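Enquirer:
Residue numbers (our numbering): 18 to 279.
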């Protein structure tokens, strides 16, 4: 216990030395101490990404996010740096992926096609639609549909982190996890988007809801979720893709309605 207290005190001293005195050696030690955050976040995001995207590249961009977090963090507010840094690291990695345009155009088109199909069929039937119904609508076999889901998995891994609108920084994920920091200018929009998201989650199948919950709330990786649910990683990836494409369809539909009413 004494060692633990000493470690915490030493850590606080590092923040003080860096923020109050501009001690770059202290900053270096803070970076080294928190590199595990970069490793954890980059490892999670690496799952399901194309082979041409190396974990090393993700980690390099993550380190830039960590440095940015250390430079901007206000240690006097008593907030958890690990939580703040995780979002900064994740954001830096996702920004690098978007700028690199690592998703082939054909995959983007397939994702949009599936998303639109979910949106139209579920609006028509007012319920979750089956793989068979989706296959018929898309004029493919169920096996081909599952293969399509596997292909677009690389997009859905980060889709909740994408901005709700291109010109804004607020993400779909923020509507799920951020109960603070409300933007007054978009309060009404946020309310309806949150409602749409919750309705969308309600339309997911039990397995899809479980995957979303374990991934975004319990912070498990896709491989860990596969173990928990006794399913193959590829099956978990398909369930995740379907869940995210359903949610994107629900949010995009609501967003369009809101824009029409503006």
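Glycine is no exception: its CB is placed at the ideal position from the N, C-alpha and C atoms. Because the structure is a prediction, the values reported are computed rather than measured.
(1) Is the beta carbon of residue 259 less than 8 Å from the beta carbon of residue 166?
(2) Return the Cβ separation of residue 54 and residue 103 in integer angstroms, given the expectation that the two are a contact with Cβ distance under 8 Å.
(3) Please report how far the alpha carbon of residue 132 lies from the alpha carbon of residue 83, in whole angstroms.
(4) Report all residues from its chain with a CB closer than 8 Å to the CB of residue 170; omit the five preceding and five following residues, and keep chain order.
(5) Find the nearest neighbour of residue 236 within the set 62, 247 and 75, judged by alpha-carbon distance.
(6) What do you reckon, are the CB atoms on residue 145 and residue 222 nearer than 8 Å?
(7) State the Cα-Cα distance for the pair residue 163 and residue 51, rounded to the nearest angstrom.
(8) Per DSSP, what kind of secondary structure is residue 51 in: helix, strand or coil?
(9) I'd like the list of long-range same chain contacts for residue 262, defined as Cβ closer than 6 Å, with 5 residues on each side in sequence excluded.
(10) So, is the C-beta of residue 46 closer than 8 Å to a C-beta in chain B?
(11) With a threshold of 16 other CB atoms inside 10 Å of the CB of residue 264, please say whether the residue is buried or exposed.
(12) Could you check if residue 245 is buried or exposed, using at least 16 other CB atoms within 10 Å of its CB as the buried criterion?
(13) Shortest alpha-carbon distance to residue 45 belongs to which of 219, 85, 70 and 72?
(14) Quick check: what's the CA-CA separation for residue 268 versus residue 227?
(15) Considering residue 79, what are the terminal residues of the alpha helix (DSSP H) in which it resides?
(16) To the nearest angstrom, how far is it from the Cα of residue 252 to the Cα of residue 234?
(17) Using a Cβ-Cβ cut-off of 7 Å (strictly less than) and excluding sequence neighbours within five positions of residue 154, which residues of its own chain qualify?
(18) Please classify residue 128: is it buried, with 16 or more other beta-carbons within 10 angstroms of its beta-carbon, or exposed?
(19) Compute the Euclidean distance between the alpha carbons of residue 218 and residue 30, then round it to the nearest angstrom.
Expert: Straight from the coordinates:
(1) The residue you call residue 259 lines up with position 242 of the chain shown. The residue you call residue 166 lines up with position 149 of the chain shown. Cβ distance < 8 Å, so residue 259 and residue 166 count as in contact.
(2) Here residue 54 is taken as the residue at index 37 of the chain shown, counted from 1. Here residue 103 is taken as the residue at index 86 of the chain shown, counted from 1. Contact check for residue 54 and residue 103: beta-carbon distance about 6 Å, within the 8 Å limit, so the pair qualifies.
(3) Translated into the one-based positions of the chain shown, residue 132 becomes position 115. Translated into the one-based positions of the chain shown, residue 83 becomes position 66. Each residue's Cα considered, the two are about 34 Å apart.
(4) In the chain shown, counting from the first residue as 1, residue 170 sits at position 153. Counting only Cβ-Cβ distances below 8 Å, and skipping sequence neighbours, we find 65, 254, 255, 257 and 258.
(5) Within the chain shown, the letter at position 219 stands for residue 236. Among 62, 247 and 75, the Cα nearest to that of residue 236 is on 62.
(6) As a first step, residue 145 is located in the chain shown; it is residue number 128 there, counting from the start. As a first step, residue 222 is located in the chain shown; it is residue number 205 there, counting from the start. Contact: yes.
(7) Numbered from 1 along the chain shown, position 146 holds the residue referred to as residue 163. Numbered from 1 along the chain shown, position 34 holds the residue referred to as residue 51. Our two residues, residue 163 and residue 51, have alpha carbons roughly 39 Å apart in a direct line.
(8) What you label residue 51 is simply residue 34 of the chain shown in a count that begins at 1. Coil.
(9) Position 245 of the chain shown, counted from the start, is the residue given in the question as residue 262. If we look at residue 262 and ignore the five residues flanking it on each side, its Cβ neighbours are 131, 132 and 135.
(10) Although the question refers to chain B, the structure presented lacks it and comprises just one protein chain.
(11) Numbered from its first residue, the chain shown carries residue 264 at position 247. If you draw a 10 Å sphere on the C-beta of residue 264, you find 16 or more other C-beta atoms in it, and that means buried.
(12) Within the chain shown, residue 245 is the residue found at index 228, counting from 1. Exposed is the label assigned to residue 245, since fewer than 16 other Cβ atoms lie within 10 Å of its Cβ.
(13) Along the chain shown, read from residue 1 onward, the residue named residue 45 stands at position 28. With distances taken between Cα atoms, residue 45 lies closest to 85.
(14) In the chain shown, counting from the first residue as 1, residue 268 sits at position 251. In the chain shown, counting from the first residue as 1, residue 227 sits at position 210. So the two alpha carbons sit approximately 20 Å from each other.
(15) Looking up residue 79 in the chain shown gives position 62. Per DSSP, residue 79 belongs to the alpha helix (DSSP H) from 72-89.
(16) Here residue 252 corresponds to residue number 235 of the chain shown, with the count starting at 1. Here residue 234 corresponds to residue number 217 of the chain shown, with the count starting at 1. Between the alpha carbons of residue 252 and residue 234 lies a gap of roughly 20 Å.
(17) What you label residue 154 is simply residue 137 of the chain shown in a count that begins at 1. Counting only Cβ-Cβ distances below 7 Å, and skipping sequence neighbours, we find 134 and 138.
(18) Within the chain shown, numbered from 1, the residue matching residue 128 stands at position 111. Buried.
(19) The residue you call residue 218 lines up with position 201 of the chain shown. The residue you call residue 30 lines up with position 13 of the chain shown. Near 45 Å, if we compare the C-alpha coordinates of residue 30 and residue 218.
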